[in-house]
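This is the structure:
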C-alpha cells in the first residue's frame, strides 16, 4: 500500500514538473512579446514631440516625462504664483508640489489667491506630482526620505509669508 501511494505521489510530482516547464515557456514568450511591444512604442514616442501646456497634458503622456517637462511646468507654476500680495491671511495658501521617490511632496508652495486662481495652482501642482512620480518610477530615482512639514502662512504687510516654527520642522 505504501508503494502504491509513493508511486501515485511520484507521478503527480512529475506531471506538475511537466506543466511547470510549459508555463515557463509560455511566460518567456509573453515576456519577449512585451519587450518587442515596448521597443516599438519607444520608437513611436521618439517620433512625437511632447506638448507640456496644461491644457494638452494627459495621463497617456505621463510615461514619457523628462526633467525638462517637469521644469517647464514648475516655471508655469512659479509665474502664476509669483505675486504674493494679499489683503488678509485668508488669501494666503500652501500647496504641496511634486513627489519624492520615498513619498511625500518635493516642496510646499506659498501663494496668494488674490493674484492666482486656486484651481489653476492645484491643477499644476497635481500635474507636477504625477509627472515627478512617473519620472521617479521610470528612472528608478532614489531620494532622501525626509518628510517635509506643511508650513503655515499668513498675510504680513500685505504679503503672504511662511511662518517659521521650529517645533514643526522635521529632523
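In full-length UniProt numbering, the protein residues as written are 1 to 171. Ideal placement from N, C-alpha and C gives every residue a C-beta, glycine not left out. Keep in mind the model is a prediction, meaning the values are calculated, not measured.
Asked: Only counting the same chain, and skipping five residues up and downstream in sequence, which positions put a Cβ closer than 6 angstroms to that of residue 84?; Found: 112, 159 and 160
Asked: Cβ of residue 140 within 8 angstroms of Cβ of residue 92?; Found: no
Asked: Given residue 65, which residues of its chain have a CB within under 6 angstroms of its CB, disregarding the five upstream and five downstream residues?; Found: 131, 134 and 135
Asked: How about residue 148 and residue 77: do their beta carbons lie closer than 8 angstroms?; Found: no
Asked: For the ligand SAH, any of its heavy atoms closer than 7 angstroms to the Cβ of residue 140?; Found: Ligands displayed in this structure: none; no statement on the ligand SAH is therefore possible.
Asked: Nearest by alpha-carbon distance to residue 151: which of 164, 101 and 145 is it?; Found: 164
Asked: Does the distance from the C-beta atom of residue 180 to that of residue 120 stay below 8 angstroms?; Found: Absent from the structure is residue 180, since the part of the chain shown begins at 1 and ends at 171.
Asked: Taking only runs that begin and end inside the stretch 82-160, name each unbroken alpha helix (DSSP H) of 4 or more residues, in chain order.; Found: 118-138
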